[in-house]
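J.:
There are 2 protein chains.
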Amino acid sequence: MIQAIGYATKSAHAALKPYEFTRPDPKANEVQIKITHCGICHSDVHQARNEWNNTLYPCMPGHEIIGRVEKTGSAVKKFKTGDIVGVGCMVDSCKECPSCKEGLEQYCESEKGFLATYNGNQRMPSPENHTYGGYSNLIVVREDFVLTIPQNLDPAAAGPILCAGVTTYSPLRHWGVKSGHKVGIIGLGGLGHMAVKLAKAMGAEVSVITTSKEKREDALALGAKEVILSDDNADMKKHKSSFDFILSTIPQPHDVNPYAELLKRDGVITIVGCIAPLTKPLDMSKLLMDRRSLGTSLIGGIKETQEVLDFCSKHNIQPNTRLVSVDKINEAFDEIDAGKIDFRYVIDMATLAEKHEDKSILGKIGITSH
Amino acid sequence: MIQAIGYATKSAHAALKPYEFTRPDPKANEVQIKITHCGICHSDVHQARNEWNNTLYPCMPGHEIIGRVEKTGSAVKKFKTGDIVGVGCMVDSCKECPSCKEGLEQYCESEKGFLATYNGNQRMPSPENHTYGGYSNLIVVREDFVLTIPQNLDPAAAGPILCAGVTTYSPLRHWGVKSGHKVGIIGLGGLGHMAVKLAKAMGAEVSVITTSKEKREDALALGAKEVILSDDNADMKKHKSSFDFILSTIPQPHDVNPYAELLKRDGVITIVGCIAPLTKPLDMSKLLMDRRSLGTSLIGGIKETQEVLDFCSKHNIQPNTRLVSVDKINEAFDEIDAGKIDFRYVIDMATLAEKHEDKSILGKIGITSH
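Chain order of the listed sequences is U and H. Numbering-wise, the working numbering comes out as the position in the first sequence, counting from 1, plus 495. Numbering-wise, the working numbering comes out as the position in the second sequence, counting from 1, plus 495.
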């Protein structure tokens, strides 16, 4: 067992605080990673605050993990000590079902499904029998779920590609977005800003659909051709029946009907940001008349995650990030929850060592109590 | 102008009664058809009773029309006097927009859209400036919207192919249903019973999903492999994640969530029967976890309508029908509305002449007053 430290919360209404725990020693097919950076995803906020009613406490979020390989199991082939690597939303799956075999581990058909990087249950040894994520100094992960970070990507900024990136890349690819398509991105947060960059790099003409007037300049700077204000009826009406594909990154239940009308015939609106019931029943009259569809998509598989990393490398796409020290996680959560930011906060994990290094049982990164 | 007679209603709560009106003489590109049979579609009930809040009165329904060509305009090429022909849900469209050019006139992108066979507005001369459907002795239709009825189809039974048939055929084809697929058909009425026959002929293994226990035997006789009772939780649970494609023919607002769970990964549930808002908000948790989609589809184009007629001819598929005389239309409406029947009523239009032929200004089929 390896002594580890991270930031975790013990209940839905408590702040995240330093928390000591253990990681298992790496098995033959596992890699031990010293975490250098971890993005803060909106899901982290939902999960820590038990907004999906399934949180296992203590909850240590983080699934946009970048780090350096410290140790490899005897059977590990793809990685060696010192490699810059990433870990996204999953750390294990059955690898035997049809979905896993197709590289779509996020839809693993085994009874337990995939093992989430945090809040995943029952398969990894931890005192509380659930997984702890990347808000920590180290992690031990099965080789098959570790990603190679291309050399030209900045390790301090690449983390969000592992969740926000692949979560938007996967549906853009699945629904065949390409040059000449008109694509609408609803919401300009962590996912939305990556979606704009990715869709643009795929050759699409991208519009951002948002309620936040103040995000207009940022949207255009990201590569959007225009910004549609979703609470402006005239603006919405002007864009009726004009999009081939719309991606909703809104992280809360919402009404999809007004957006559906923006689709052309055979257009698809795909929802990736919300896993709760939408706020209003679907209005068939807004869909049927143009054979519009509503799709859904859940994160992305490991193969696709490597693909989006390589795509970002090739197209020089980098998430817009700001580094934050561990003791500012709770403030960052509040800002994300308020929908104020159109970039990703990334925790600089070096600050975990700095803040908690004295009187430590863990050497440079430990603490004595919490 | 041609004197005509049909059955129409003057308000949402009135019964259908004999009604005299005029049809225009056929123009160069039009065909005058003596109607022999007309299917009674659930839409006819919705429309006559103003359940979609857009009915123009007097309302003369009927868009599953079979008849014989009586006269052709000078430019008509495809038809000659005596041909057995059909007219479905549409009698005109712009024929110039991208959708029309693709043979998808039901999604006509002109401002007015396609012209519906009845309750269509503003383009055909009629005293009240809207179209009258097939519950009548004759109709005059643009050649491009007239279908050829293959010789081996019974004219008394073929009518429902023109609406119930193409409305289910179109999505089954669009979503690529084929041999080896597991297909669920929700609802076993006019549309549902055709969907079972068509999907089975396409090679799929078909299940009927219904609340009506008493329809089990009929479903199996139509070719379904099994019947799932949608109000039996255990039965529904047993079939979780097992279908490639599900078609909902329920003609009323309903809750789609329980059915969505029956889909495999990447499965699609398509709604064709309801044009109002569904009863419950879509639950993303039931869709996202398997990248399930919700699709919609509206009737079918003219090219597809001919295709489904030819498909039925080739596969010896005939709608299950019962002939009804014109004076029983109102009773038939009540039965359809109650969801009791899993076949199509077809009006035997010869009975229109029989009932109303004496003291007539219209010769054999006229009446003097109404």
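Cβ atoms here follow ideal geometry from the backbone N, Cα and C, with glycine treated the same way. Since this is a predicted model, take the numbers as computed values, not measurements.
Helix, strand or coil, according to DSSP, for PRO746 (chain U) in the structure here?
T.: coil
J.: List the residues of chain A that GLY762 (chain H) touches, going by C-beta distances under 9 Å, in chain order.
T.: The structure shown contains no chain A; the protein chains it does contain are U and H.
J.: Between the alpha carbons of LYS859 (chain U) and HIS810 (chain U), how many angstroms are there, rounded?
T.: With a pLDDT of 45 at LYS859 (chain U), under the threshold of 50, the modelled position of that residue is not reliable, and the figure given next carries that caveat. Answer to the nearest angstrom: the Cα atoms are 38 Å apart.
J.: Does the beta carbon of ILE579 (chain U) fall short of 6 Å from some heavy atom of the ligand HEM?
T.: Absent from the structure shown: the ligand HEM. Ligands present: none.
J.: Can you tell me which of the three DSSP states THR706 (chain H) falls into?
T.: coil
J.: Rounded to a whole number of angstroms, what is the C-alpha to C-alpha distance between CYS589 (chain H) and GLN542 (chain U)?
T.: 53 Å
J.: Provide the residue span of the beta strand (DSSP E) that contains LYS566 (chain H), from first to last.
T.: 560-567
J.: List the residues of chain U that TYR602 (chain H) touches, going by C-beta distances under 9 Å, in chain order.
T.: ARG760, ASP761, MET784, ASP785, ARG786
J.: Can you tell me whether ILE862 (chain H) is helix, strand or coil according to DSSP?
T.: Here the model assigns ILE862 (chain H) a pLDDT of 39, short of 50, so the residue's position is not dependable, and the following value carries that caveat. In the three-state scheme derived from DSSP, where H, G and I count as helix and E and B as strand, ILE862 (chain H) is classed as coil.
J.: Quick one: residues in its chain with C-beta nearer than 6 Å to the C-beta of LEU551 (chain H), no 5 flanking neighbours on either side, listed in chain order?
T.: ASN614, HIS625
J.: Rounded to the nearest angstrom, what separates ASN728 (chain U) and LEU742 (chain H) at their Cα positions?
T.: 33 Å
J.: Straight-line CA distance for GLN813 (chain U) to LEU793 (chain U)?
T.: 22 Å
J.: Which same chain residues end up closer than 6 Å to CYS807 (chain U) when comparing Cβ atoms and leaving out the 5 residues on each side of it in sequence?
T.: ILE656
J.: Helix, strand or coil for TYR840 (chain U), going by three-state DSSP, please let me know.
T.: strand
J.: Looking at VAL703 (chain H) and ALA714 (chain H), is the spacing between their C-beta atoms short of 7 Å?
T.: yes
J.: Who are the neighbours of ILE766 (chain U) on chain H, taking C-beta pairs under 9 Å?
T.: LEU777, MET779, LEU782, LEU783
J.: According to DSSP, is GLU515 (chain H) part of a helix, a strand, or is it coil?
T.: strand
J.: If I measure Cβ to Cβ from VAL821 (chain H) and keep anything under 7 Å in the same chain, skipping five residues before and after, which residues do I get?
T.: TYR502, ILE842, THR846, LEU847, LYS850
J.: Closer than 7 Å between beta carbons: that is the criterion. Which residues of the stretch 575-608 of chain H meet it against chain U?
T.: SER594, TYR602
J.: What in chain H is Cβ-close to LEU792 (chain U), meaning under 9 Å?
T.: Leu is not the amino acid found at residue 792 (chain U); the sequence shown has Ser there. Going along chain H in sequence order, the residues near SER792 (chain U) (Cβ under 9 Å) are LEU783, ARG786.
J.: At 8 Å on the CB atoms, spell out the chain U contacts of CYS769 (chain H), in chain order.
T.: MET779
J.: In chain H, which residues lie with their C-beta within 8 Å of the C-beta of THR663 (chain U)?
T.: Neighbours of THR663 (chain U) on chain H: none; closest Cβ ~14 Å, over 8 Å.
J.: With DSSP collapsed to three states, give me the class of ASN825 (chain U).
T.: helix
J.: For ASN616 (chain H), name the three-state secondary structure that DSSP assigns.
T.: strand
J.: Which first and last residues belong to the alpha helix (DSSP H) in which GLN801 (chain H) is found?
T.: 797-809
J.: Per DSSP, ARG637 (chain H) forms a beta bridge with which residues?
T.: H:GLU525
J.: Can you say whether ASP520 (chain H) is buried or exposed, counting buried as having 16 or more other CB atoms within 10 angstroms of its CB?
T.: exposed
J.: Shortest alpha-carbon distance to ASN508 (chain H) belongs to which of H:MET844, H:ASP829, H:TYR840?
T.: Residue 508 (chain H) is actually His in this sequence, not Asn. The option with the nearest alpha carbon to HIS508 (chain H) is H:ASP829.
J.: Counting C-beta neighbours from all protein chains within 10 Å, is the total for PRO593 (chain H) 16 or more, i.e. buried, or is it exposed?
T.: exposed
J.: Between H:ILE535, H:ILE528, H:CYS554, which has its C-alpha nearest GLU515 (chain H)'s C-alpha?
T.: H:CYS554
J.: Counting contacts by CB-CB distance shorter than 7 Å, is LEU773 (chain U) in contact with chain H?
T.: Taking Cβ atoms only, chain H reaches closer than 7 Å to LEU773 (chain U), which makes this a yes.
J.: Count the other CB atoms, across all protein chains shown, that sit within 10 Å of the CB of SER631 (chain H); report buried if there are 16 or more and exposed otherwise.
T.: buried
J.: I need the boundaries of the beta strand (DSSP E) containing ASP587 (chain U), first residue and last residue.
T.: 585-587
J.: Would you report the Cα separation of ASP837 (chain U) and VAL691 (chain U), rounded to the nearest angstrom?
T.: ASP837 (chain U) and VAL691 (chain U): Cα-Cα distance of roughly 11 Å.
J.: Could you please give me the residues that DSSP links to GLN542 (chain U) through a beta bridge?
T.: Answer by DSSP bridge pairing: none, since GLN542 (chain U) is not bridged.
J.: Distance check for GLN601 (chain U) and HIS676 (chain U), CA to CA, integer angstroms please.
T.: 27 Å
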